[in-house]
Amino acid sequence: ASRRAAGALARALEGIAAALDGAADELGRMDRVAGDGDHGIGMQRGSRAAADAARTAADAGAGARTALQRAGDAWADVGGGTSGAIWGEMLATLGAVLGDEDEVTAAGIGDGVVAMKDAVMTFGKAQPGDKTMVDAMVPFAEELTARLGAGDPLPVAWARAAEAADSAAQATAEMTARVGRARAHGEKSVGTPDPGAVSFALVARTVRGNLKE
Ligand code: ADP
Ligand code: MG
Ligand code: MG
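Heads up: the sequence shown begins at 361 in UniProt numbering, then just goes up one per residue.
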């Protein structure tokens, strides 16, 4: 069947939107410590708009932009802020690698995740240790690539990578922010994990449920 990927990706975004809806208050509190407090609501609104756009695109059939690219546009527009722009870039990059038609494969996902991580680092210029979502995304991409390379099935490799992202996100609590809005707050962010790293890890954990055994 055609457009299998678009339908599967729209379902994954639906799960992501539900998870971020549930985490919005907690992410907002985290962003209030050394930010402006809008990370929860931004991720909540952005992911909801992205899921809706992906569903519409998947149902409508082939277009110039893939379902995930359209979802990324909607996330950036509606979510707003730094994280909206970055998640928009991430979905656009992943959408360009995966396309809408062919069933999503382990190799495609592996390549897509690495491209996504590279795009975020090029776009936002943050390095590991700066206390951003990059600190969760780099170990996630590394673990996923290593596990797939060792022959683990995608759901297993993804689960290990999601665990790595989660530990890395929690470990950002010890860091002092060097980029983004939190930078201006200096040591105030120490003791609280970076909200963008925590939300990235949550998304990674949620997507695990969409990968078939
Ligand atoms: P804003 O700071 O515009 O209010 P959000 O609160 O939605 O945006 O998102 C804040 C998150 O964005 C941070 O927790 C951090 O993970 C991420 N972030 C900020 N700047 C960068 C950057 N240059 N590269 C990658 N991620 C970044
Ligand atoms: Mg904010
Ligand atoms: Mg803001």
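The beta-carbon is built from N, C-alpha and C at its ideal position, and this holds for glycine as well. Small disclaimer: the values here were computed from a predicted structure and weren't measured.
- Go ahead and label alanine 431 buried or exposed: buried means 16 or more other beta carbons lie within 10 angstroms of its beta carbon, across all protein chains shown. Counting from one through the sequence shown, the residue named residue 431 turns up at place 71. Buried, since its Cβ has 16 or more Cβ neighbours within 10 Å.
- Where does glutamate 449 land, buried or exposed, given buried means 16+ other C-beta within 10 angstroms? Locating residue 449 in the sequence shown gives position 89, counting from the first residue. Buried, since its Cβ has 16 or more Cβ neighbours within 10 Å.
- Task: Give every residue whose Cβ lies closer than 6 Å to any heavy atom of ligand 1, listed in chain order.
- Result: Asp391, Gly395, Asp396, Asp398, His399, Gly402, Gly441, Thr442, Ser443, Ile446, Val480, Gly484, Lys485, Ala486, Thr492, Met493, Val494, Val539, Gly540, Arg541, Asp554, Pro555, Gly556, Ala557
- Query: Where does serine 527 land, buried or exposed, given buried means 16+ other C-beta within 10 angstroms?
  - Reply: Along the sequence shown, one-based indexing puts residue 527 at 167. Classification of serine 527: exposed, given that the 10 Å Cβ count is below 16.
- Item | Straight-line gap, alanine 564 to proline 499 (C-alpha atoms, nearest Å) | Counted from its first residue, the sequence shown places residue 564 at position 204. Counted from its first residue, the sequence shown places residue 499 at position 139. Straight-line Cα distance between these residues: approximately 12 Å.
- Task: Could you check which residue in Leu504, Asn570, Ala561, Gly439 has the C-alpha nearest to that of alanine 475?
- Result: Residue 475 sits at position 115 when you count from the first residue of the sequence shown. Answer by Cα proximity: Leu504.
- Local conformation of threonine 552 per DSSP, three classes: Sequence index remark: in the sequence shown, residue 552 carries index 192 (1-based). Note: threonine 552 maps to coil in three-state DSSP.
- Once you ignore the five residues that flank glutamate 463 on each side, which residues in its own chain have a CB closer than 7 Å to its CB? Locating residue 463 in the sequence shown gives position 103, counting from the first residue. The answer, listed in chain order, is Arg364, Ala365.
- C-alpha distance - histidine 545 paired with alanine 394, whole-angstrom precision: Here residue 545 refers to the residue found at position 185 when the sequence shown is read from its first residue. Here residue 394 refers to the residue found at position 34 when the sequence shown is read from its first residue. Going by the C-alpha atoms only, they are around 6 Å apart.
- Message: So, for alanine 479: in the same chain, excluding its five sequence neighbours on each side, which residues have a beta-carbon less than 6 Å away from its beta-carbon?
- Response: Here residue 479 corresponds to residue number 119 of the sequence shown, with the count starting at 1. Answer for alanine 479: Glu449, Thr453, listed in chain order.
- Task: Look at glycine 489 and threonine 442 and say whether their C-beta atoms are less than 9 Å apart.
- Result: Residue mapping note: residue 489 aligns to position 129 of the sequence shown, counting from 1. Residue mapping note: residue 442 aligns to position 82 of the sequence shown, counting from 1. No, the Cβ-Cβ distance between glycine 489 and threonine 442 is not below 9 Å.
- Skipping 5 residues on each side, what residues in its chain have a beta carbon closer than 7 Å to that of lysine 491? To locate residue 491, count along the sequence shown from 1; it is residue 131. Closer than 7 Å at the Cβ level, and outside the excluded window around lysine 491, lie Thr532, Met535, Thr536, Ala537, Arg538, Ala542, Ser549, Asp554.
- What is the rounded straight-line gap between the Cα of proline 515 and the Cα of leucine 428? Within the sequence shown, numbered from 1, the residue matching residue 515 stands at position 155. Within the sequence shown, numbered from 1, the residue matching residue 428 stands at position 68. Proline 515 and leucine 428: Cα-Cα distance of roughly 21 Å.
- Message: Give me, in chain order, the residues of the same chain whose beta-carbon lies closer than 7 Å to that of arginine 415; leave out the 5 immediate sequence neighbours on both sides.
- Response: Here residue 415 refers to the residue found at position 55 when the sequence shown is read from its first residue. Around arginine 415: Ala370.
- Inter-stretch contact at 8 Å, needing at least 3 Cβ pairs: the segment 373 to 382 / the segment 416 to 426: no
- Item | Selection from Ala422, Arg392, Leu451, Met390 that minimises the alpha carbon distance to alanine 411 | As a position in the sequence shown, residue 411 is number 51, starting the count at 1. Nearest C-alpha to alanine 411: Leu451.
- Where does the unbroken alpha helix (DSSP H) through proline 499 begin, and where does it stop? Against the sequence shown, residue 499 aligns to sequence position 139. That run of the alpha helix (DSSP H) goes 494 to 509.
- Check whether glutamine 487 and methionine 493 have beta carbons under 9 Å apart: Residue 487 sits at position 127 when you count from the first residue of the sequence shown. Residue 493 sits at position 133 when you count from the first residue of the sequence shown. No; because the gap between Cβ atoms is not below 9 Å, this pair is not in contact.
- Item | alpha helix (DSSP H) runs contained entirely in the segment 376 to 440, provided each spans 4 or more residues | 399 to 420, 427 to 434
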